[in-house]
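First to last, the protein sequences are chains D and W. Start counting the first sequence at 1; every next residue gets the next number (this note's numbering). Start counting the second sequence at 1001; every next residue gets the next number (this note's numbering). All C-beta atoms in this analysis are idealised placements derived from N, C-alpha and C, irrespective of residue type, glycine included. Data first, discussion second: the structure below is written as structure tokens.
Protein chains: 2
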Amino acid sequence: MNERGKPSEVRISDLALELGLTKGTVSRALNGYEDISKKTRQRVTEVARILGYVPTTQARRLAMGLTETVGLVLPPMPSQPVNTFVSEFIDSISAALNIHGYDLLVHSVNSEESEVDQYQRLVHSRKVDGFIILRTLEVDPRVDYLLKEGFPFVTHGRTARMAEHDWFDIDGEKAFRDATSHLVKLGHQRIGFVGGGNEFFSAQLRLKGYRNIMEETYDNKISSLEQPGNLTGLGGETAARNLLKQNPCPTAILCANDATALGVIKAARELGFRIPQQLSVIGYDGIALGGYLDPPLTTLTFSIDASGREIVAMLLRRLKEPGLPVISKLASATLKLRGSEGPPT
Amino acid sequence: MNERGKPSEVRISDLALELGLTKGTVSRALNGYEDISKKTRQRVTEVARILGYVPTTQARRLAMGLTETVGLVLPPMPSQPVNTFVSEFIDSISAALNIHGYDLLVHSVNSEESEVDQYQRLVHSRKVDGFIILRTLEVDPRVDYLLKEGFPFVTHGRTARMAEHDWFDIDGEKAFRDATSHLVKLGHQRIGFVGGGNEFFSAQLRLKGYRNIMEETYDNKISSLEQPGNLTGLGGETAARNLLKQNPCPTAILCANDATALGVIKAARELGFRIPQQLSVIGYDGIALGGYLDPPLTTLTFSIDASGREIVAMLLRRLKEPGLPVISKLASATLKLRGSEGPPT
DNA sequence: TACAATACCGAAACCGGTTTCGTTTATTTT
DNA sequence: AAAATAAACGAAACCGGTTTCGGTATTGTA
């Protein structure tokens, strides 16, 4: 069947020769053009099936002037990643893209180039039709670049320029209002918050949701209860130590993500706090591993798969109709009570 | 610069026109052919730079008859993934591939097709030059198919046919000999083992390493101490309950991976066991999250990044020289003591 | 100064498809 | 039966590059 290495492949010209037709005719027959007789179309299809003909993607895409490929440039990961979001997200979007005949091209930034350089090369070499952008910053150079080029993309997360581009996001503000309210109802008064870097728009919104409820409930806001973090476990540890050495110290801590929460819990334990009796902790992300902690981590969760599918749908719509006005969608997170929070003592 | 949407791109014909040369000459000039005068080559390069010419990847690849793309078909993930291996691995291999001008194409299996169908379509549509295969089975249909087609690939993990294909693997047998020996030295006699499904070759090897030491040390092997699992947390829970209801019950449990270990710890806690005082637990994978457990999970760890780079190097070598004899590499895991094991009481 | 060798570039085929535009044959229409 | 229309396919251009081959102009050799 095949000799040394590559399988012996059938080209459209082979098919044409076999059928006694020209390759143009064969092409149109296979693509269902009406100007080819039904009889011929069936004959072509049948012989194509028998010979195992499959069109070469590269050639088809070149001729049609499209790539049918979407790019995903992986944002630099923390050295100790604890979140499975990226792999689940990739799984989701590649499945959704494949259904529509699109491919997913994954790049990562090597140390020598900037992230924007990476996008630039993908755009200019025409490897992709559009991008999906993860972990948006308030002022995001990737977004700036693609908007300048007029190149299609959808972000997961909002930016300062969200009115100008398509985006999908989880309503982190509402999520943290919910979580804060929950703690308030449990009777907590001193509720701490460990955020992410200010450059992340999402982290700002989560902080905003927390503040909403705190100000609404206790009228004044206590800024010493707000600690910056960096969305990693180590950041959480540091922040927790700052919070827990205060007097009076918080009886609950909200964390901008689960990794932070893990750090907070670790530090709290080391300081002798029992959870949730002496300290309630709530995270954000819904990592599966949180369910295996003792006590299991209460967190805000959302469907990664649904997010991925929605984003792909938005991007494909954009590619099909470039003229469309900006589209966006805000989904909501669910408070998943698992046991790391309770009434204060 | 650009009008509505796509950036205005420069083709090689535009360059040729601008330079007063033919596109063939321009192409050879840019690719450093010696039969173009040095003066001309420099002039072409300069003008190309000024006009911002970047060759269209699709066209170049079609002309050269290669795809410069490597495929990765994501194996179906557990519904509650706890391991960041996949995203770290993707990050690693995409970076390594990009350096050499290769792209990474990620597909995932939708429910309607079998995994092999997915490979078949990628092969026949000529979208990739080779594959990287994850989570090998002892009898692996993906391997069978690609060997039959003579299509290049490298596996992460061994298979029954490992003599016929390139592979990279972690020496799980040695890893579990090390872990078992460690427990023996601590004084444990009844050491349990929770494995993975028998279809996974790696799980078998880990079991083998455990048995090696058990038979060598205690002469007889106690099969009731060996519990099957499925490499998930739930599997670990079930297995742990089976082990811990025995009398006498094990004082230590080795787990085929960290997810299993999480389940084992959860079940043990629910049964009232204190860790590591009453039960030592050791996992495998080195997930970062294990460091945040209480106590932190002792585990066998290895460098995902190094694995990815090595596998890419192997695959690229294979693509360059198809005639090469089978290449393989066995790397070793390191026992990372973090506190979930100790001497028996 | 005539002739061969060399350097340098143009012309054209090619990769494997798609699509436009004619042309031929078959079918209607009058 | 002649003319108009429709049906079905062939021919060729095209997508944007690469590569082979051949022809001139220039240089080197005798």
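query: Is DSSP giving F193/D helix, strand or coil here?; result: strand
query: Report, in whole angstroms, the separation of the C-beta atoms of L1319/W and P1078/W, which I expect to be a contact under 8 Å.; result: Going by Cβ atoms, the distance from L1319/W to P1078/W rounds to 32 Å, so no, they are not a contact pair.
query: Does any CB atom of chain D fall closer than 7 Å to the CB of P1250/W?; result: no
query: Can you tell me which of G1339/W, L1300/W, G1150/W puts its alpha carbon nearest to the alpha carbon of P1322/W?; result: G1150/W
query: How close, in whole Å, do the beta carbons of S94/D and L1074/W come, if the pair is a contact with beta carbons under 8 Å?; result: 7 Å
query: Please report the Cβ distance between L1315/W and I1132/W, rounded to the nearest whole angstrom; I am assuming they are in contact, meaning their Cβ atoms lie under 8 Å.; result: 6 Å
query: Of all Cβ atoms in chain D, is any one closer than 7 Å to the Cβ of P1007/W?; result: Residue placement at P1007/W is flagged as unreliable, the pLDDT there being 40, under the threshold of 50; a coordinate-derived value is accordingly withheld.
query: Give the straight-line distance between the Cα atoms of G196/D and S1087/W, rounded to the nearest whole angstrom.; result: 22 Å
query: For L1074/W, would you say it is in contact with chain D, using Cβ-to-Cβ distances shorter than 7 Å as the test?; result: yes
query: Closer than 7 Å by beta-carbon distance: list the chain W residues that pair up with D91/D, in chain order.; result: L1074, M1077, S1108
query: Could you tell me which residues DSSP puts in a beta bridge with K1329/W?; result: F1168/W
query: So that I know if they touch, is there some Cβ in chain D lying closer than 7 Å to that of D1166/W?; result: no
query: List, in chain order, every chain W residue whose beta-carbon is nearer than 7 Å to that of Q80/D.; result: A1288
query: Between which two residues does the alpha helix (DSSP H) holding K336/D run?; result: Careful: K336/D lies outside any alpha helix (DSSP H), inside the beta strand (DSSP E) at 334-336.
query: Less than 7 Å separating the beta-carbons of S1280/W and W1167/W?; result: no
query: If we count the other Cβ atoms within 10 Å of its Cβ and call it buried at 16 or more, is N1002/W buried or exposed?; result: Note that N1002/W scores a pLDDT of 31, beneath 50, so its modelled location is shaky; the value from the coordinates is reported in the next line. Per the 10 Å Cβ criterion, exposed.
query: Could you compute how far the alpha carbon of E1113/W sits from the alpha carbon of Q1120/W?; result: 11 Å
query: Which residues in the same chain have their Cβ closer than 7 Å to the Cβ of L1337/W, if we skip the five residues on either side of it in sequence?; result: T1298
query: Output the boundary residues of the alpha helix (DSSP H) element that contains D91/D.; result: 85-99
query: Are A179/D and I282/D close, meaning C-beta to C-beta below 7 Å?; result: yes
query: Mind listing the chain W neighbours of N124/D? Cutoff is C-beta to C-beta under 7 Å, in chain order.; result: A small fix is needed here, since residue 124/D is His in this sequence, not Asn. The contacting residues are V1054.
query: For a test of the three-state rule: what should DSSP assign to A1252/W, helix, strand or coil?; result: strand
query: What are the residues in the segment 13-32 of chain D lying within 9 Å of chain W by C-beta distance?; result: none
query: Report the residues of the segment 1265-1277 of chain W with a CB closer than 8 Å to any CB of chain D, ordered along the chain.; result: I1265, K1266, R1269
query: Taking 7 Å as the threshold (beta carbon to beta carbon), is D1117/W in contact with chain D?; result: no
query: In terms of alpha-carbon separation, which member of I287/D, L186/D, F201/D, P296/D lies closest to F85/D?; result: I287/D
query: Using only the alpha-carbon positions, how far apart do T136/D and S13/D sit?; result: 48 Å
query: So is the beta-carbon of G1130/W under 6 Å away from any non-hydrogen atom of the ligand NAD?; result: Absent from the structure shown: the ligand NAD. Ligands present: none.
query: In three-state DSSP terms, what is I1132/W?; result: strand
query: Which chain W residues are close to T67/D, counting only those with a beta carbon under 8 Å from its beta carbon?; result: Q1058
query: Are there three or more Cβ pairs, one per stretch, closer than 8 Å when the segment 202-209 of chain D is compared with the segment 262-277 of chain D?; result: no
query: Looking only at its chain, what residues have a beta carbon closer than 7 Å to the beta carbon of H100/D, apart from the 5 residues adjacent to it on each side?; result: L316
query: Name the chain D residues that come within less than 8 Å of N1257/W, Cβ to Cβ?; result: Per Cβ cutoff of 8 Å: no residues; N1257/W is ~13 Å from chain D at best.
query: Where does L1324/W sit, in a helix, a strand or coil, going by DSSP?; result: coil
query: Do you know offhand how far A48/D's Cα is from E9/D's?; result: 12 Å
query: Can the beta-carbon of A175/D be found closer than 7 Å to that of A331/D?; result: no
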